[in-house]
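Here the sequence shown stands for residues 1 to 1224, where the numbers follow full-length UniProt numbering.
Cβ coordinates follow ideal geometry from the N, Cα and C atoms, glycine included.
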Amino acid sequence: MTTLSELNRCDVATFIDRLRGIYEHSPWIPERAATHRPFANETALKLALQAVVTHATEGEQLGLIREHPELAGKAAVAGELTMESTSEQAASGLHLCSADEYATLHQLNADYNAKFGFPFILAVKGPTGKGLTRRQVIAAFTRRLKNQRADEIAECLRQIKRIAEIRLNDLLGVSLEFGPAIMQWAETIAAWSDADNAADADFDLTCAYMTPAHRRTADQLRDWMTDAGMDAHIDAVGNVVGVYRSPVPGAKTLMTGSHYDTVRNGGKYDGRLGILLPIAIVRHLYLRGETLPFHLEVVGFAEEEGVRFKSTFLGSNAITGHFDLSLLDQVDADGVSMRDALTAAGHDVARIPALARQPEDILAFVEVHIEQGPVLLQRDLALGVVTAIAGSSRYLVQLTGLASHAGTTPMSMRKDAAAAAAEIVLLVEQRCAQGQSLVGTVGQLEVPGGSVNVIPGACKLSLDIRAADDAVRLAAVQDVLDGIASICAERQVAFALERIVDASAAPCAPHLMQQLGAAIERAGLPRFELLSGAGHDAMAMAAITDVAMLFTRCGNGGISHNPLETMTADDADIAARASHEVTPRATDRRLYNWAIIQVQEKDTGGRLLFSIRAYMAILPNMDQIIETLVRSSPSFFSQNILGINYNELRAIIYPRPSYQSFTIPKRNGTVRTIHEPSKTLKIIQLKVLNFLLERSSPLKPAVHGFVANRSILTNALVHCSSKTQHVFNIDLKDFFPSITFYRVRGVLTHHPYNFSHEVATVIAHTCTLNNSLPQGAPTSPYLSNLVCRTMDRDLTELARRSLARYSRYADDITFSFRVSKTSKLPAAVCSVDSDGDLVIGSELHDIIVNKHHFNINSAKTRLSNRTRRMEVTGLTINRFPNVPRVFIDRIRGALNAWEKYGYIDAEKKWQERVTSAATLAYEKKPWKRKTRAGRVPALKNILWGKLLYLRMVRGKDDLVYTRLAERYNAAVLTATSAGPFSAPKLPVEPVVRDKETALDACYVVEWYADFNDPTIGEEMPLGQGTAFVYRELGLIVTCNHVLEWNGEINNIGITIDYENKYLTNKVLKLIQPGTKKSWAAKVIFRNKQMDFAILAFADEPPPHRYFAAMDAPIEPEANGMLVGYPAWKQWALPDFNEQKVLNRTTPHAGMNSFTITGAGSIRPGNSGGPFTDDRFRIAGMAQRGAYMGEGHDENLCFQIMDDLISKYRATLRIHVAIPPASGA
C-alpha cells in the first residue's frame, strides 16, 4: 500500500510509477499532477489528477479513452486485462456472462465503436464501489448509444475519473466511513414502491403520501433513527422525527432533514439523502459516546412533492405552523381524502397544529440534497454551498380558440389555440433569458382531442418561473402574463389562468454558508456556491429559522426525478464528513473533565506516555486530539473504544485470556484445535475488530479469504480462463500459529493504525493466545490478512513479473500460468526438474519463508495442467468454476438412499458410514466428520448445506442444482407428511427441465378478429402458433408471422396483419392445454425482419415456468427437442419432436439460424416454439418449415433473440410479478 506522505516526498519518476495503474496506460497524467505537490489530503490528489484530464487536449483525452478495454471484450475473454480492470469487471460479474450476454455486449461494443470511434467506458464498480449488475451495465450501454458524440466523450471522461477515484482509494487505503451505509440504506428503502413492479430490478420508484410504501419507509427510518441513539417517533402528519438529545440543560435544537416521498418514477436520493446522511452522522456520534451542546433533530418530512394530493411541503409546513387544515378535505385520484388517508394510517389529524415549533427553540435548519442538475457534475465538484432557494410561480394556462377544418379555413380567419401556445412558449423563453438567476419553463403542453386535419380549438400548458430574487421573479411573471393577454387578444383566443404555486425565495444564512464552505475546504475541495432552482423543505423552514443547504453532485448528466438519478458513495461520504465538521460537539467538555482526573499517563516503568496539554498545543481540533489519545493511551482506548475500565481489561487478558479449547477431526486423520473465547472476551474482541475495520484500508485484490463480497468462488475465478495451462497450489503450514503476538503488535504500530507500542501491546494480548493467533477468535481472520499484506504485495509483484496470476485464500496460495510447457514455467515461482519433480522457485521460497516467516506445507504443494483437473480452493477451473464430480455423485447417492429406504433408514446408514470412515482413504471419506460434541451431523442438514453450496458455485438456475434441489424438497415433503419431521426447503428457480415442466412454459398463441376492408371484402382471420416463456425478460416470445394471416378474400390473395387498421373485435390469447385455461395477451414488440415478437399477459399472469438458455451456441450433430403445437386441436398437449442439428446458416436478413433434420418437422402451428438441447435449455426458436420452401427447417438462434431483447429492453416498461409454477 502507498501513503500520501510517500507520494508527496518521492521523486517524480517514483510518483509516476506508483500511480501508473490509476489512469489506464497514461503516465502523462500523474507526471503533470506531480508539479502540484505536496497534496494536503487524498481529495486534493484526486482533484489534481482530474484537473490534468479536464485541461488536456481533445487528442489526449481521446487517447486516454482509447487506452481502456472493452467491457467483456476480446481482451477480457482472453484474460489480457490489467489487474485493475480484471478486478473491476469481476465486481460486476462480467466474467460470468452467459453466452447470450457476451453476444449482447459484443454487439453493443461493435455498435458503440462504429458510432463514436472509441470504446465504451463505464465505472463498473458503480456508485457504491461494489459493482453494477450485468443488467445495469447492458442498460447503461444501450442508453448511452443514443448520445451525441461530444456528450459521450464528456461522459467517458467522467467515468474514467470515477474509475481512477476507486483505484486511488484502493491504492491509498482510503476507507469510507459514512458513504457505504448511506448508499445501502437508500437502496433498502428504494425497494418499496407504490407500483406493482417488484419483479423488475430496475422498477419505478413511486412513494406517494400515506401509501403502504410510504408508511413502510417511515417505519424503517424511525427504526434506523432509534438504532442510531435517537428518540424517534412518527408525528401526526407522518413526519419521522428523531432527536439526539444533549445533556446540556436548556439546550436548543439544530434541525436537519429532508423529505422521503418521491415523484412518480423518481430517484433514490432526492430528499432521502438529506435524512440518511444525518442519521449516519448521529450513529457515528452515538457509537463513540459523543454528545452535543444542543439537541440534534433529524426530520424525514412526510410530503414535499405533491404527487397524491397536489399540495406541496405538507411535512415542513406542519413543523413551521403553516399547515392549511382545509387541505385535509382534498381527495386523490381514487376519491380518498387526505383526512381519511391519515386516519387510516393511524394518525390523529387534530394534533397537527401542535406540531409547530417555536422559533426561539431552534438554532438553524441545514439540509443536504442531491443537486438535481448538472452544474457540480460539469465542474468535477462533489459539493457545493447553496446561496439561495429560488422562489417559484406556477400557473396552468387554458387557451380556447375555435376548432375548424384545416383545409377550408383561411389562415387569416383562424382562432388557433396551439399557435397561441407556441407564441407563449417563445415569450417565456425570451423574457426569462434576461435575468441572471431567472428561469422559465413550459413543461406541459397539450392539445386535447387533437386531430391531423383539425385546427386546435383548445390547448393547455403550464408555466413555471423561478428566481433567487422575488422582485425579479414577480416582474417576469407580470411581463409574461401581460404578454399572454396580448397574444390571445391578437389571435382572438380566450385564456384562463390558475395559479398553482407562489413560493417566496429563501436566501441561505451567510454565517451557515461560511461554515459549510470552510468545512468543504478542509475536506480538500474548493469552495463553490450555486443557486438552487428547485424548491426544498428548507424554503418552508426559512419561515421560522436560519437555513442552509449543501448540494452533492448528481451523476448521469444531472438527471433527477428519474430512476437514472445517481450519486457515488465517495460523494456521500465527503458530504457527511463536511456536515460532521460543521457540527460543533461537546467533546471539549468531555475531554476536559477527563483531563482534570488524568493530566498525563505513565507506563509501569514511570515513563511518560503522553501529555494532554501537549496534544492540545500541537493538534488543531478535538477530533485529532481524541484520535491521538485513542492510539496512544491504553486506558483511554479501553474506556472509550472497548467500554471497559483499563484495570478490568487487564484482569481479563492477563496473565492469560479465557478460552475454551476443543478439537475437531480433519479428513486426513489429524485434528484441528479450536479456541473459543469466553463471552466477555469475545465481546471485547468484536469491539476491537469493529474499531480496526473502521480504520482499515482495502486489501489487495488478490486476497479473497475473510473479505466481504469475496469467496472461494471469486478466488477460483482469478485463474479461470481458457488460456490457463498450469495451476500451482501452495499451502501455508500452521497458518494461524505462525502469526505470533509480536507480528500482530508490530503491524498495529504501522499505517494505517499507528498505535503506540503500549496500545498495540494491549490489543495484541487481547487477540492472541499462547503467543499466536487462536483459530476461533473473531479477530484472527482479519489480523491474519493484516499481517500478510506485505507478503501479498510481494507475491503480487512476483506474479506480475512472471506473467502469472496470484491469489490467496487464507493459507491457500495459488499461481496460474499460460505457458503450455513446464519448461517455460517461471523459475522464480516454480519449475519441474529433469526427474519430473516439482521445485519451488527460490525467490518465491525466499519471500514466503525467509522474508515473511511462514512455512510451506510440501505435502499440499502441487502443480496441475489442463490435461488434468485443475483445482483452486476445492473448485475445478478447467472450463468454469465447478465442484468435483464426486461431490454431485455423493449428493445423488444420499438422495437415492433417502428416496429408496426412507429418511430414518438412510440416516442410520449415513451415521454408520461416517463412524466407520476413520479407516478409509482420504478421498473416500464422506463430507462431514463428527461435530465438536462428538455427534455425526444429521443427513438432512448435510444435504441442505451441500446443495446450497452447489447453488452458490454453479448458479441458482443451474439444471443440476434445480433437479437435485427439487428431489430434496420432495423428499422433505414426503418425510414431513409421514410423521414428525422438519427440515428447511431449498430455493428452486422455476426452470423447465423436462417434458412435464415444459407444459408450464409453452403456450398456444391464437388470435382472431373481424376484417372489413371496403375495397376487398369481409373475413374473420384466425392465426395460430406456439409461444414460450424466455428467461431474459420473463415475457413470452414467438414468431412475428404468427401474428399474420394468409388467405384469400373474393379470390384475392391477401396477408392480414394483427395490427391491420380494418380489424375490429380483436382477440389475442395464450392457451395452456394442460390446464385447459387461456389468458388474454398483448403484443409488446415486433421485428418483421427477424420474424420475432414479444408478447405479455394482458392481466395478472398465471403461475408458470421459464426456459433457460444454453451457455453457448448449439453445435452441428447435437441432439435436441422441437416443442410446439402443430395442427393444434383443442386441449391437445404439445408435440415433443426429437431432432438433430444439421448446420448453422444465415438464410435471410443475415441472421444466425440453424437447421434441423427431418424436413417438414416445423409444421403450421409449430412456429414460435422452442428448440432445446437435451437438457431442455433454449437453443433457438422454430421459424420456417420446409413446407415454406426454404429446404431444411430453420430455427432462430437464441443469441439473436437476446440481441433483439436487449436492444429494446430499455424501452420496455412492463413490470409484472410472475409467480412461479406451483411446486417450483
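For this session: For PHE39, I'd like the list of residues in its chain whose CB is within less than 7 Å of its CB, leaving aside the five on either flank, ordered along the chain.
Result: Within the sequence shown, residue 39 is the residue found at index 39, counting from 1. Counting only Cβ-Cβ distances below 7 Å, and skipping sequence neighbours, we find LEU4, ASN8, LEU45 and ALA48.
Problem set entry | Among SER311, THR628, MET513 and GLY517, nearest to PHE755 - alpha-carbon criterion | For the purposes of this step, residue 755 is taken as the residue at position 755 of the sequence shown. The option with the nearest alpha carbon to PHE755 is THR628.
For this session: May I ask you to report which of helix, strand or coil DSSP gives MET230?
Result: By one-based count along the sequence shown, residue 230 stands at place 230. Residue state, collapsed to three classes: coil.
For this session: Return the chain-ordered list of same chain residues with a C-beta closer than 7 Å to the C-beta of GLN1024, the five sequence neighbours on each side being excluded.
Result: As a first step, residue 1024 is located in the sequence shown; it is residue number 1024 there, counting from the start. Cβ within range, chain order: VAL1004, VAL1005, GLU1006, TRP1128 and GLY1165.
Exercise. What are the start and end residues of each continuous beta strand (DSSP E) run of 3 or more residues lying completely inside the segment 790-840, in chain order?
Worked result: 805-809, 812-817, 830-832 and 838-840
Exercise. Quick one: what does DSSP say GLY606 is sitting in, helix, strand or coil?
Worked result: Along the sequence shown, read from residue 1 onward, the residue named residue 606 stands at position 606. At GLY606 the pLDDT is 48, less than 50, meaning the model places this residue with poor confidence; the figure from the coordinates comes in the next sentence. Three-state DSSP puts GLY606 in coil, outside helix and strand.
Exercise. Just checking, does the segment 255-272 make contact with the segment 301-313 on the three C-beta pairs under 8 Å criterion?
Worked result: yes
Exercise. So ALA388 is in the beta strand (DSSP E); what residue range does that whole segment cover?
Worked result: Within the sequence shown, numbered from 1, the residue matching residue 388 stands at position 388. Unbroken beta strand (DSSP E) run through ALA388: 383-389.
For this session: Could you check how far apart the C-beta atoms of HIS68 and ILE121 are, in whole angstroms? I think they sit under 8 Å.
Result: As a position in the sequence shown, residue 68 is number 68, starting the count at 1. As a position in the sequence shown, residue 121 is number 121, starting the count at 1. Rounded, the Cβ-Cβ distance is 5 Å, consistent with contact.
Problem set entry | Uninterrupted alpha helix (DSSP H) stretches inside the segment 734-761 (no shorter than 4 residues) | 741-748
For this session: May I ask you to report which of helix, strand or coil DSSP gives LYS1129?
Result: Translated into the one-based positions of the sequence shown, residue 1129 becomes position 1129. Three-state result, LYS1129: coil.
Exercise. Can you list, in chain order, the residues of its chain whose CB lies under 7 Å from that of GLY443, leaving out five sequence neighbours each side?
Worked result: The sequence position of residue 443 within the sequence shown is 443, counting from 1. These residues qualify, in order along the chain: SER462 and ASP464.
Exercise. Given 8 Å as the limit, is there contact between the segment 357-376 and the segment 236-249, that is, 3 or more CB pairs closer than that?
Worked result: no
Exercise. Mind pulling the alpha helix (DSSP H) runs of 4 or more residues that sit fully within the segment 427-501?
Worked result: 470-491
Exercise. What residues are listed by DSSP as bridge partners for GLY1025?
Worked result: Counted from its first residue, the sequence shown places residue 1025 at position 1025. Note: GLY1025 sits in a beta bridge opposite VAL1005.
For this session: Determine the DSSP secondary structure at GLN1183, reduced to helix, strand or coil.
Result: Here residue 1183 refers to the residue found at position 1183 of the sequence shown. In the structure shown, GLN1183 sits in a strand (DSSP, three-state: E or B).
For this session: Report the rounded CA-to-CA distance for LYS666 versus SER85, giving the unit in angstroms.
Result: Sequence index remark: in the sequence shown, residue 666 carries index 666 (1-based). Sequence index remark: in the sequence shown, residue 85 carries index 85 (1-based). Their backbone Cα atoms lie some 39 Å apart in a straight line.
Exercise. Below 8 Å between beta carbons: does that hold for ASP731 and LYS860?
Worked result: Residue mapping note: residue 731 aligns to position 731 of the sequence shown, counting from 1. Residue mapping note: residue 860 aligns to position 860 of the sequence shown, counting from 1. It is a contact, given that the beta carbons lie within the stated cut-off.
For this session: Take CYS10 and list the residues in its own chain whose beta-carbon comes closer than 6 Å to its own, dropping the five residues that flank it on each side.
Result: Residue 10 sits at position 10 when you count from the first residue of the sequence shown. Closer than 6 Å at the Cβ level, and outside the excluded window around CYS10, lies no residue.
For this session: Kindly list the residues whose CB is nearer than 8 Å to the CB of ARG585, restricted to its own chain and excluding five residues on each side of it in sequence; keep chain order.
Result: As a working note, residue 585 is residue 585 in the sequence shown. Since pLDDT at ARG585 reaches only 37, below the 50 mark, its modelled position is unreliable, and no value is offered.
Exercise. Looking only at C-alpha atoms, which of SER632, GLN775, ARG283 and GLY266 sits nearest to ASP223?
Worked result: Locating residue 223 in the sequence shown gives position 223, counting from the first residue. That would be ARG283, whose Cα lies nearest to the Cα of ASP223.
For this session: Please determine, among GLU912, LEU986 and ASP957, the residue with the shortest C-alpha to C-alpha distance to GLY945.
Result: For the purposes of this step, residue 945 is taken as residue 945 along the sequence shown, with counting starting at 1. It is LEU986.
Exercise. Taking C-beta to C-beta, are PHE1107 and ILE1036 nearer than 8 Å?
Worked result: Counted from its first residue, the sequence shown places residue 1107 at position 1107. Counted from its first residue, the sequence shown places residue 1036 at position 1036. Contact: no.
Exercise. Does the distance from the C-beta atom of LEU895 to that of LEU964 stay below 8 Å?
Worked result: In the sequence shown, counting from the first residue as 1, residue 895 sits at position 895. In the sequence shown, counting from the first residue as 1, residue 964 sits at position 964. In contact: LEU895 and LEU964 (Cβ atoms closer than 8 Å).
Exercise. Can you name the residues that DSSP bridges to TRP1045?
Worked result: For this step, residue 1045 is matched to residue 1045 along the sequence shown. DSSP, once it has assigned bridges, lists ILE1056 as partnering TRP1045.
Exercise. Can you give the Cα-Cα distance for ALA1112 and ALA99, rounded to whole angstroms?
Worked result: Counting from 1 along the sequence shown, the entry for residue 1112 is found at position 1112. Counting from 1 along the sequence shown, the entry for residue 99 is found at position 99. C-alpha separation (whole angstroms): 5 Å.
For this session: Could you tell me whether the Cβ atoms of PRO698 and ASP170 are closer together than 8 Å?
Result: Taking the sequence shown and counting its residues from 1, one reaches residue 698 at position 698. Taking the sequence shown and counting its residues from 1, one reaches residue 170 at position 170. Cβ distance < 8 Å, so PRO698 and ASP170 count as in contact.
Exercise. From the DSSP output, which residues share a beta bridge with LYS1140?
Worked result: Start at 1 with the first residue of the sequence shown, and residue 1140 comes out as number 1140. Beta-bridge pairing links LYS1140 to ASN1119.
Exercise. With a CB to CB cut of under 7 Å and the five nearest residues on each side skipped, what residues in its chain are close to ALA970?
Worked result: As a first step, residue 970 is located in the sequence shown; it is residue number 970 there, counting from the start. Cβ within range, chain order: n/a, list empty.
Exercise. Is PRO1073 near ALA1109, with beta carbons less than 8 Å apart?
Worked result: Taking the first residue of the sequence shown as 1, we reach residue 1073 at position 1073. Taking the first residue of the sequence shown as 1, we reach residue 1109 at position 1109. For PRO1073 and ALA1109, no; Cβs fall outside 8 Å.
Exercise. In three-state DSSP terms, what is MET255?
Worked result: In the sequence shown, the residue the question calls residue 255 occupies position 255. Here MET255 sits in strand by DSSP.
Exercise. Do you know how far the Cα of GLY643 is from the Cα of LEU689?
Worked result: Working through the sequence shown from its first residue, we reach residue 689 at position 689. Working through the sequence shown from its first residue, we reach residue 643 at position 643. Going from the Cα of LEU689 to the Cα of GLY643 covers about 14 Å.
For this session: Determine the direct distance from the alpha carbon of TYR395 to that of LEU172, and round the result to whole angstroms.
Result: Position 172 of the sequence shown, counting from 1, holds the residue named residue 172. Position 395 of the sequence shown, counting from 1, holds the residue named residue 395. Between LEU172 and TYR395, the C-alpha separation is close to 53 Å.
Exercise. Enumerated in chain order, which unbroken segments of the alpha helix (DSSP H) with a length of 4 residues or greater are wholly contained in the segment 933-993?
Worked result: 939-954 and 959-978
For this session: With DSSP as the reference, please indicate the residues paired to HIS405 in a beta bridge.
Result: Taking the first residue of the sequence shown as 1, we reach residue 405 at position 405. Partner(s): VAL454.
Exercise. Considering ARG672, what are the terminal residues of the beta strand (DSSP E) in which it resides?
Worked result: The sequence position of residue 672 within the sequence shown is 672, counting from 1. Per DSSP, ARG672 belongs to the beta strand (DSSP E) from 671-677.
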